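Undergrad:
In full-length UniProt numbering, the protein residues as written are 1 to 175.
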């Protein structure tokens with residue numbers, strides 16, 4: 001059994017019910033086995049997932065980046081700040097907390113959970129999955145793209161890649 005800690009320092013138990021990135025064929029089989037037929041909602045979900053898998057990989061899908069693609073450093077005491085009810089990500093501005101709000105917005109653009117910066121050099125950024133050190137990706141700093149993995153679907157070679165709530169919303173699994 002594997003435990004992760006969320007941004008609010010609460011343990012997350014990852015189970016088979018957690019939403020992992022899976023190949024399209026597994027996605028289709030899983031939904032057909034639960035539904036037994038293809039209604040319009042299921043077909044729409046499959047189309048959304050197929051489009052999601054085709055997205056080109058960018059660094060901002062894994063870690064917070066600014067609009068230019070530069071990795072953002074987590075602000076001091078960010079976990080405590082973000083745990084407060086009024087900092088739920090819906091605020092547009094708060095005097096003196098712009099850095100926190102920018103980081104929070106960038107964090108909300110991430111589609112994959114649990115990635116940290118392993119190396120941030122002059123020409124390359126290497127990220128590592130906190131739950132599996134074998135999952136390591138490198139991104140060129142010029143275009144913030146991965147030379148090894150072209151799109152989301154190429155990540156299905158890894159056993160465990162976890163999707164964020166924002167990814168699940170984009171696919172249509174959550175509202």
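Built from N, CA and C at the ideal position, the CB exists for glycine as well.
A quick note: this is a predicted structure, and the numbers were derived from the prediction, not measured.
With 16 other CB atoms within 10 Å as the buried threshold, where does residue 146 fall?
TA: Classification for residue 146: buried.
Undergrad: Can you list, in chain order, the residues of its chain with a C-beta nearer than 8 Å to that of residue 166? Leave out the 5 residues immediately preceding and following it.
TA: If we look at residue 166 and ignore the five residues flanking it on each side, its Cβ neighbours are 108, 109, 110, 111.
Undergrad: Where does residue 25 fall in DSSP's three states?
TA: If DSSP states are grouped into helix, strand and coil, residue 25 belongs with the helices.
Undergrad: Following the continuous beta strand (DSSP E) through residue 137, name the residue where it begins and the one where it ends.
TA: Counting along the chain, the beta strand (DSSP E) containing residue 137 begins and ends at 132-140.
Undergrad: State yes or no: is the C-beta of residue 115 within less than 8 Å of the C-beta of residue 127?
TA: Yes, they are a contact pair.
Undergrad: If you draw a straight line from the alpha carbon of residue 159 to that of residue 20, how long is it in whole angstroms?
TA: If you take the alpha carbons of residue 159 and residue 20, they lie about 9 Å apart.
Undergrad: Is the beta carbon of residue 64 sitting closer than 8 Å to the one on residue 103?
TA: Yes, they are a contact pair.
Undergrad: Residues in its own chain within less than 6 Å of residue 144 by CB, not counting five upstream and five downstream?
TA: So the qualifying residues of the chain are 58, 59, 69.
Undergrad: What did DSSP end up calling residue 127 once you bin it into helix, strand or coil?
TA: Here residue 127 sits in strand by DSSP.
Undergrad: For residue 122, which three-state DSSP category applies?
TA: It is coil, neither helix nor strand.
Undergrad: To which residues of the same chain is residue 50 closer than 8 Å at the C-beta, ignoring the five residues directly before and after it?
TA: Excluding residues within five positions, the ones whose Cβ falls inside 8 Å are 24.
Undergrad: Going by DSSP, what residues sit across from residue 173 in a beta bridge?
TA: Beta-bridge pairing links residue 173 to no other residue.
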